[in-house]
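Peer 1: Numbering of the sequence shown is given in UniProt numbering, commencing with residue 1 and proceeding in unit increments.
All C-beta atoms in this analysis are idealised placements derived from N, C-alpha and C, irrespective of residue type, glycine included.
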Amino acid sequence: MGVRRLSREFSLQFLYACDIKGSFALKDIKEFWDIFIEVHHLDESIKEDTVFIEFVDRLLNHVLTHLEDIDKTIRIYTTNWDFNRITVVDRNILRMALAEIFYMADIPSVVSIDEAVDIAKKYSTPDSGKFVNGVLDKVKDECAKKE
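Below, the structure written as structure tokens:
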């Protein structure tokens, strides 16, 4: 597994925990590291991996800084869905992918979408990959029209 994929999976699990707790704060990340390392049987040295740390920090900062705007976008592009009925996993996968698409220009949107779909297939329901792909494709298409 690549470092960015691991970073995304860590970020998803952190955001999931925050969402369940009802509080989104980067200050909580320190206590989450050890749990993640233990559950995934990772070497402690991952905490020293600058590529991993920087990507997680960058992604989570964008998600949390722009959470209100990102959630508004999710609501716009999921018109037939009640926002709170979207699974917590899918909602946070969408948040991460939209943060990448809107605020991390060095990552091609197709890469963000592919990663989001793969993570949805791994961590969510059997139909989540299609759902996530559909929402993100609509966003990507609308953004392309505006350019």
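Buried or exposed: where does VAL135 fall if 16 or more other Cβ atoms within 10 Å of its Cβ makes it buried?
Peer 2: buried
Peer 1: Would HIS62 be called buried (16 or more neighbouring beta carbons within 10 Å of its own) or exposed?
Peer 2: buried
Peer 1: What residue ranges within the segment 72-105 form continuous alpha helix (DSSP H) runs of no fewer than 4 residues, ordered along the chain?
Peer 2: 88-103
Peer 1: Check whether the Cβ atoms of LEU67 and LEU26 lie closer than 8 Å to each other.
Peer 2: no
Peer 1: Between which two residues does the alpha helix (DSSP H) harbouring LEU60 extend?
Peer 2: Unbroken alpha helix (DSSP H) run through LEU60: 50-65.
Peer 1: Figure out for me which residue from PHE10, GLY129, VAL111 and THR73 has the closest Cα to the Cα of VAL117.
Peer 2: GLY129
Peer 1: With DSSP run on the structure shown, which of helix, strand or coil describes SER23?
Peer 2: coil
Peer 1: Just the Cα atoms here: how many angstroms apart are ARG4 and GLU54?
Peer 2: 10 Å
Peer 1: Suppose the cutoff is 6 Å on Cβ atoms and the five residues either side in sequence are ignored; what does the same chain contact list for GLU100 look like?
Peer 2: Around GLU100: ILE107 and SER112.
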